[in-house]
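Student: Residue numbers (the working numbering): 178 to 655.
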C-alpha cells in the first residue's frame with residue numbers, strides 16, 4: 178500500500194470521523210425498513226413478496242458493487258469514490274419516497290446499496306492509507322467497527338420514531354440530507370489518495386461479478402416464495418454461469434479485479450469466512466427479530482427497535498473498547514473467539530415461550546452484542562492486512578461482499594425455518610421457528626469461529642516457516 182499520508186493528527190482524525198460517519202449512514206439506511214416494514218408495505222401496496230424485496234433490495238446493490246467499488250477506490254481515488262457513493266445514496270433515498278410504487282422503491286434501494294458499497298469500500302481504504310499498521314490503525318479500525326454497530330442500532334430506532342411522529346418517509350429524507358452534507362464535508366477535509374500501482378478497471382470482471390452476485394441474491398429472495406419456481410431456477414443457473422465466467426476472466430486478465438491467488442491465503446480466508454459467519458449468524462437473526470417480536474409477542478415497532486438496540490448498542494461499546502485487548506492476541510484470534518461468543522449469545526435466545534417478555538431476551542442480546550463488537554473491530558483491520566500493499570479498497574470490498582452475501586444466505590435460512598408452518602397455532606409455530614433459527618445461527622457462528630481459529634494456526638505456521646527458511650538455508654551451508 179502507499180505509505181500513510183504524512184498529515185497532522187487533526188487531519189487524520191477528520192478523515193476517520195468522515196469514514197466512520199459514512200459507514201454509519203450506510204448501516205442506518207440498511208436497517209431503516211426493519212421497524213416500519215408493515216407501514217411501508219401498506220403505503221406502497223406491497224404484498225408478501227414485495228415486503229421481502231423491500232428488506233432485501235439494498236443487500237443486492239451492496240453485495241454486487243462492493244468488490245468493484247473497492248478496486249475503483251484504490252485506482253481512481255478513495256475520497257472521490259466516497260463522495261460519489263454518498264451522492265448516490267441521497268439520490269436513491271429521495272427517489273424511493275417521491276414515487277409511491279413498490280417497484281420504484283425497490284430499485285431505488287438497490288441504488289442506495291450501490292452507493293453504500295462505494296462508501297464502505299472507500300472508507301476502509303482511507304483508514305488503511307491514513308493510519309500506519311499498529312496501535313493507531315487498530316484504534317481506527319475499532320472506531321470503524323463501532324460505526325457499523327451504531328448504524329444498525331440507530332436505523333430501526335430512527336425509523337420507528339419518525340414514523341410514530343409523522344411518516345415513514347421522514348427517515349429517508351433525513352438520510353438523503355445527511356448523505357449530501359457529509360459528501361460536502363468529505364470534499365473539504367479528506368485528502369485524496371489512491372494506489373501507487375493502479376491496475377485499471379476490469380470492466381468484464383466487474384460486470385460478471387455484479388451480475389452473478391445480483392442473480393444469486395435475487396434467487397434467494399424469490400426462493401422464499403417457493404424453490405421450484407422457474408424464475409428461481411433460472412436465477413440460480415444464471416448466477417452459476419456468470420460467476421464461473423468471472424473466475425475464468427480473472428485468471429486470464431492482466432488487470433483482474435480480484436487477485437484469485439488470495440483464495441489460497443489462510444489470512445484472507447480467515448477474514449472472509451469471519452465476515453460470512455457474522456452475516457449468516459448474528460445479522461441474519463437480528464434482521465428477523467423485529468418482525469418476530471411484533472407478530473408473535475405483540476411488541477410495538479418502537480419497542481422492538483429498542484430491544485434490538487441492546488445488541489447493536491452493546492456492540493458499539495465493545496468495538497470501541499476492543500483496542501484495549503492486548504496486542505499479543507492477534508486479530509484473527511479475536512475474530513475466532515468473537516464468533517464463538519456470538520454463538521453463545523445466540524444460543525441464549527433459545528427457549529423463548531409464548532408468554533416470554535422482553536427481559537428474557539436481554540442476556541443473550543448483550544452477550545452476542547459484546548462478541549459482535551469484537552468481531553466488527555477486527556474485520557476491517559484483518560481485511561486490509563490480508564491483501565497486497567496498495568489494495569486496501571479491494572480487501573475491504575471483498576470482505577464486505579462476504580458479509581452481505583452471508584447475511585442474505587442467513588436471512589433466507591432464518592426465514593425458511595422461522596416461518597415453516599407447524600401443527601400448532603400461528604403464535605406457537607412462530608415461537609418454535611424462532612427457537613430453531615436461534616440454534617441454527619448459533620451453530621453457523623460456532624463453526625465459523627472454529628474454522629477461523631484453524632486458519633489462524635495454519636497462517637501462523639506458514640509465516641513461521643517463511644521466516645525460518647533463510648535461516649535454515651544459511652545453517653545448511655555452514
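Glycine included, every Cβ here is placed at the ideal spot set by N, Cα and C.
(1) In chain order, what residues of the same chain have a beta carbon less than 7 Å from the beta carbon of residue 237, not counting five sequence neighbours either side?
(2) Check for me: the alpha helix (DSSP H) holding residue 364 runs from which residue to which?
(3) With a threshold of 7 Å, establish whether the CB of residue 397 neighbours any heavy atom of the ligand FMN.
(4) When the Cβ atoms of the region 419-434 are set against those of the region 548-562, are three or more pairs found closer than 8 Å?
(5) Buried or exposed for residue 609, please, with buried defined as at least 16 other CB atoms from any protein chain shown within 10 angstroms of its CB.
(6) Report the rounded CA-to-CA distance for residue 308 versus residue 317, giving the unit in angstroms.
(7) Alpha carbon to alpha carbon, how far is residue 382 from residue 629? Give it in angstroms, no decimals.
(8) Name the two residues that bound the continuous alpha helix (DSSP H) containing residue 297.
(9) At which residues does the alpha helix (DSSP H) containing residue 158 begin and terminate?
(10) Rounded to whole angstroms, how far is the Cβ of residue 328 from the Cβ of residue 204, which I believe are closer than 8 Å?
(11) Do residue 554 and residue 322 have their CB atoms nearer than 8 Å?
(12) Work out the CA separation of residue 459 and residue 530 for me, nearest whole Å.
(13) Output yes if chain D places a C-beta closer than 8 Å to the C-beta of residue 317; else output no.
(14) Would you call residue 257 buried or exposed, if buried means 16 or more other Cβ atoms sit within 10 Å of its Cβ?
(15) So, does the region 226-236 touch the region 575-591, judging by three or more C-beta pairs under 8 Å?
(16) In three-state DSSP terms, what is residue 276?
(17) If I'm right that residue 389 touches residue 416 with Cβ under 8 Å, what's the distance once you round it to whole angstroms?
(18) Whole angstroms are fine: how far does the CA of residue 488 sit from the CA of residue 352?
(19) Which residue comes first and which comes last in the alpha helix (DSSP H) that contains residue 421?
(20) On a CA-only basis, which of 401, 385, 467 and 412 is nearest residue 422? Give me that one, please.
(21) Using 8 Å as the threshold, is the C-beta distance between residue 498 and residue 334 below it?
(22) What's the call for residue 638, buried or exposed, on a 16-neighbour Cβ count within 10 Å?
(23) I need the DSSP call for residue 402, collapsed to helix, strand or coil.
(24) By DSSP, does residue 586 sit in helix, in strand, or in coil?
(25) Just to check my reading of the structure: residue 348 and residue 339 have Cβ atoms closer than 8 Å, yes? What is that Cβ distance to the nearest angstrom?
(26) Nearest CA to the CA of residue 194: which residue from 346, 324, 240 and 215?
(27) So residue 454 and residue 590 are supposed to be a Cβ contact under 8 Å. How far apart are they, rounded?
(28) Whose C-beta lies closer than 6 Å to the C-beta of residue 520 among residues of the same chain, with five residues either side of it excluded?
(29) Out of curiosity, what's the CA-to-CA distance linking residue 313 and residue 369?
Tutor: A quick look at the data gives this:
(1) 287, 290, 391, 394 and 395
(2) Counting along the chain, residue 364 sits inside the alpha helix (DSSP H) bounded by residues 346-366.
(3) For the structure depicted, the ligand FMN is absent and the ligand set is empty, with no information on it obtainable.
(4) no
(5) buried
(6) Residue 308 and residue 317 have their C-alpha atoms roughly 8 Å apart.
(7) 28 Å
(8) 279-307
(9) With the chain represented from 178 up to 655, any question about residue 158 goes unanswered, as that position is not in the structure.
(10) 2 Å
(11) yes
(12) About 21 Å.
(13) In summary, chain D is missing from the structure at hand, where a single protein chain is found.
(14) buried
(15) As far as the Cβ criterion goes, the region 226-236 touches the region 575-591, which means the pair count is three or higher.
(16) coil
(17) Going by Cβ atoms, the distance from residue 389 to residue 416 rounds to 5 Å, so yes, they are a contact pair.
(18) 23 Å
(19) Judged by DSSP secondary structure, residue 421 falls within the alpha helix (DSSP H) whose first and last residues are 407-429.
(20) When each option's Cα is compared against that of residue 422, the closest is 385.
(21) no
(22) exposed
(23) Of the three classes helix, strand and coil, the one that applies to residue 402 here is coil, per DSSP.
(24) helix
(25) 5 Å
(26) Of the residues 346, 324, 240 and 215, the one whose Cα lies closest to the Cα of residue 194 is 324.
(27) That belief does not hold up - the Cβ atoms of residue 454 and residue 590 are roughly 13 Å apart, past 8 Å.
(28) 619, 622 and 623
(29) 20 Å
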